[in-house]
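Below you'll find the structure, written out as structure tokens, and then a few comments.
In this note's numbering, the protein residues as written are 459 to 659.
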């Protein structure tokens with residue numbers, strides 16, 4: 459049962475390492491989604507270059523609002539003049555030579571991994587408490603070692619507190635990130651449908 463005592467002593471370190479990994483994972487996902495969003499925005503701007511009535515620029519809009527406006531404009535051209543329609547078709551053909559990476563499977567997988575890790579923190583805290591209880595039973599015969607009991611109690615408190623704190627913190631982070639990822643997925647899906655429509659014309 460020596461491994462129980464070793465693991466109980468290291469549970470707080472394990473929780474901290476998982477928290478650092480989660481932070482790095484969210485940072486990588488944030489950078490990846492930001493790059494993908496910028497690529498989509500640039501692609502839409504190039505696609506609509508040269509049309510008669512481009513969308514009005516508004517400095518108060520963020521990049522996702524701009525993308526929504528550009529997507530709506532691309533859809534509305536289907537019902538507008540043939541000149542804009544032909545210009546858009548030509549721009550899309552040029553775009554196809556340097557096509558935007560629309561693959562989102564890997565991004566969604568890692569997004570799900572990050573969301574799953576959030577649920578692990580309370581479980582790690584509970585596991586740390588259970589191991590600390592096992593650690594407190596260490597001893598020979600009826601001899602009670604107060605140092606071991608105090609150490610086990612401290613480990614139980616530390617792992618529970620840090621497990622819950624990281625769970626709450628990353629739940630908030632995940633809520634913001636899920637909204638961001640869902641918005642990007644919706645924009646990419648609409649972009650795909652627009653491209654597919656014009657490519658069949």
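Even glycine gets a Cβ: it sits at the ideal position worked out from N, Cα and C. A quick note: this is a predicted structure, and the numbers were derived from the prediction, not measured.
Cβ neighbours of residue i in the same chain (closer than 6 Å, five flanking residues each side left out)
| i | result |
| --- | --- |
| residue 594 | 607, 610 |
| residue 483 | 572 |
| residue 598 | Only weak support exists for where residue 598 lies, its pLDDT of 48 falling under 50; the value from the coordinates is given anyway. Result list for residue 598: empty, nothing under 6 Å. |
| residue 510 | 542 |
Same chain only: Cβ atoms within 8 Å of residue i, ignoring 5 sequence neighbours per side
| i | result |
| --- | --- |
| residue 627 | none |
| residue 490 | 565 |
| residue 546 | 505, 506, 509, 532, 535, 656 |
Through-space distance from residue j to residue i, alpha-carbon basis
| i | j | result |
| --- | --- | --- |
| residue 508 | residue 638 | 30 Å |
| residue 498 | residue 536 | 20 Å |
| residue 591 | residue 488 | 39 Å |
| residue 517 | residue 524 | 9 Å |
| residue 622 | residue 579 | 7 Å |
| residue 604 | residue 568 | 45 Å |
| residue 619 | residue 479 | 19 Å |
| residue 544 | residue 563 | 33 Å |
| residue 531 | residue 649 | 12 Å |
| residue 584 | residue 470 | 11 Å |
| residue 577 | residue 625 | 7 Å |
| residue 464 | residue 474 | 16 Å |
| residue 522 | residue 485 | 19 Å |
| residue 519 | residue 634 | 19 Å |
| residue 570 | residue 636 | 9 Å |
| residue 561 | residue 651 | 14 Å |
| residue 549 | residue 647 | 19 Å |
| residue 472 | residue 492 | 30 Å |
| residue 555 | residue 629 | With a pLDDT of 48 at residue 555, under the threshold of 50, the modelled position of this residue cannot be trusted; read the value that follows with caution. Their Cα atoms are separated by approximately 41 Å. |
Buried versus exposed, by CB contacts within 10 Å (16 or more), residue i
| i | result |
| --- | --- |
| residue 645 | buried |
| residue 632 | buried |
| residue 582 | buried |
| residue 655 | exposed |
| residue 640 | exposed |
| residue 613 | buried |
| residue 505 | buried |
| residue 501 | buried |
| residue 653 | buried |
| residue 575 | buried |
Any C-beta of chain B under 8 Å from that of residue i
| i | result |
| --- | --- |
| residue 476 | Although the question refers to chain B, the structure presented lacks it and comprises just one protein chain. |
Cutoff 7 Å; reference residue i; Cβ partners in own chain excluding five residues on either side
| i | result |
| --- | --- |
| residue 494 | 642 |
| residue 587 | 614, 617, 618 |
| residue 589 | 462, 465, 466, 469 |
| residue 477 | 624 |
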